[in-house]
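In UniProt numbering, the protein residues as written are 1 to 338. By construction, the Cβ of each residue, glycine as well, lies at the ideal position given by its N, Cα and C atoms. Each remark here refers to the structure printed beneath this line.
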């Protein structure tokens, strides 16, 4: 589930209380225990974890990598001329190839958050490389470890807000009107990919210009950014071929102004309830039954608390009953004054 506006207050409280106790990934928000273990995250995302995580295996193997293997990783991810940053295995995101840069953005926004998006450390590099190589990845394990890393560190970033809000929602954490909200990152679309491709072609063109100048050749022309075109609309052949289904309209029909206005006024945003209950009305009904039971229990708690407060108030004033309930304190009707 992706929230357009996530509750930042829940995220702050979650990270303040996040722990790793006795092999348990647990936090506490609004008095509720929140399980953020790899198993819980995978179940929430409906992901079946692999037997072995390719990123974890690469992290163990890279300790014995040769210089040639590190060079292969550099060439896989980056454009020509890119170098490792300093003495550490860290790369500038600006040096990535378009395809690798798109996956790097996905990793940083979704799997392994980072406080600095311009440079990627070794752990993120191995994740991107594993994705490009098609290796199996334990998504829940990556996210859970990343959450604990930020919870136990000194970084100021609050990654995985959308997922944390989802975990809190599944535990019925209370929401307050003064909770701070934070807008989520925009999805990776064609505009992002075009910008990645444009940056790559500009850098490639600069290299070609330098090589042409060194060889005494004319300057090559830059190549325009080409976006893949959508496939042409299909037509139906045979009986009824003059009529096309609604799914085959290339430009869908526009409705009248009156209908459009009514639709906008009565439109209700979808909140993912169908996906939340896996399309099962039985699961939804069970959720409502549980919610009603909790509401009844809460109502009884409030009534008991009210009764206890009432008894305490009477004891404080030294009365067994309030004046309205004690007939000895009543004034006869004929002695009442207007």
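According to DSSP, residues forming a beta bridge with residue i
{"i": "residue 183", "result": "5"}
{"i": "residue 119", "result": "92"}
Host alpha helix (DSSP H) of residue i (start-end)
{"i": "residue 106", "result": "98-106"}
{"i": "residue 133", "result": "122-133"}
{"i": "residue 164", "result": "161-170"}
Environment of residue i [buried if 16+ CB atoms lie within 10 Å]
{"i": "residue 129", "result": "buried"}
{"i": "residue 141", "result": "buried"}
{"i": "residue 197", "result": "buried"}
{"i": "residue 127", "result": "buried"}
{"i": "residue 29", "result": "buried"}
{"i": "residue 162", "result": "buried"}
{"i": "residue 70", "result": "exposed"}
{"i": "residue 105", "result": "buried"}
{"i": "residue 243", "result": "With a pLDDT of only 41 at residue 243, under 50, the local geometry of the prediction cannot be trusted, and the value read off the model is given with reservation. Label assigned to residue 243: exposed."}
{"i": "residue 75", "result": "exposed"}
{"i": "residue 157", "result": "exposed"}
{"i": "residue 22", "result": "exposed"}
{"i": "residue 7", "result": "buried"}
{"i": "residue 220", "result": "exposed"}
{"i": "residue 27", "result": "buried"}
{"i": "residue 297", "result": "exposed"}
{"i": "residue 175", "result": "exposed"}
{"i": "residue 177", "result": "exposed"}
{"i": "residue 290", "result": "exposed"}
{"i": "residue 18", "result": "buried"}
{"i": "residue 98", "result": "buried"}
{"i": "residue 5", "result": "exposed"}
{"i": "residue 100", "result": "buried"}
Contact set for residue i: own chain, Cβ-Cβ below 8 Å, skip 5 residues either direction
{"i": "residue 108", "result": "114, 117, 120, 124"}
{"i": "residue 139", "result": "41, 42, 45, 47, 49, 111"}
{"i": "residue 304", "result": "none"}
{"i": "residue 212", "result": "218, 219, 220"}
{"i": "residue 209", "result": "219, 220"}
{"i": "residue 287", "result": "277"}
Range covered by the beta strand (DSSP E) that runs through residue i
{"i": "residue 150", "result": "It is not in any beta strand (DSSP E) - residue 150 instead sits in the alpha helix (DSSP H) that spans 139-152."}
Neighbourhood of residue i by C-beta, 7 Å cutoff - its chain only, sequence neighbours within 5 removed
{"i": "residue 214", "result": "none"}
{"i": "residue 144", "result": "25, 36, 37, 38, 41"}
{"i": "residue 12", "result": "158"}
{"i": "residue 9", "result": "179, 180"}
{"i": "residue 169", "result": "none"}
{"i": "residue 95", "result": "78, 79, 82"}
{"i": "residue 164", "result": "10, 11, 14"}
{"i": "residue 85", "result": "91, 92, 119"}
{"i": "residue 135", "result": "54"}
{"i": "residue 147", "result": "18, 36, 160"}
Chain-order list of residues whose beta-carbon lies under 6 Å from that of residue i (same chain, five-residue window excluded)
{"i": "residue 228", "result": "Note that residue 228 scores 47 on pLDDT, short of 50, meaning its location in the model is unreliable; the coordinates nonetheless yield the value given after this. Nothing listed; no residue qualifies."}
{"i": "residue 15", "result": "151"}
{"i": "residue 301", "result": "none"}
{"i": "residue 131", "result": "103"}
Contact test: residue i Cβ vs the ligand HEM heavy atom, cutoff 8 Å
{"i": "residue 126", "result": "Absence of the ligand HEM is noted for the structure shown, with no ligands found whatsoever."}
Ordered list of beta strand (DSSP E) runs contained in the region 2-81, each at least 3 residues: 5-7, 19-21, 24-29, 32-35
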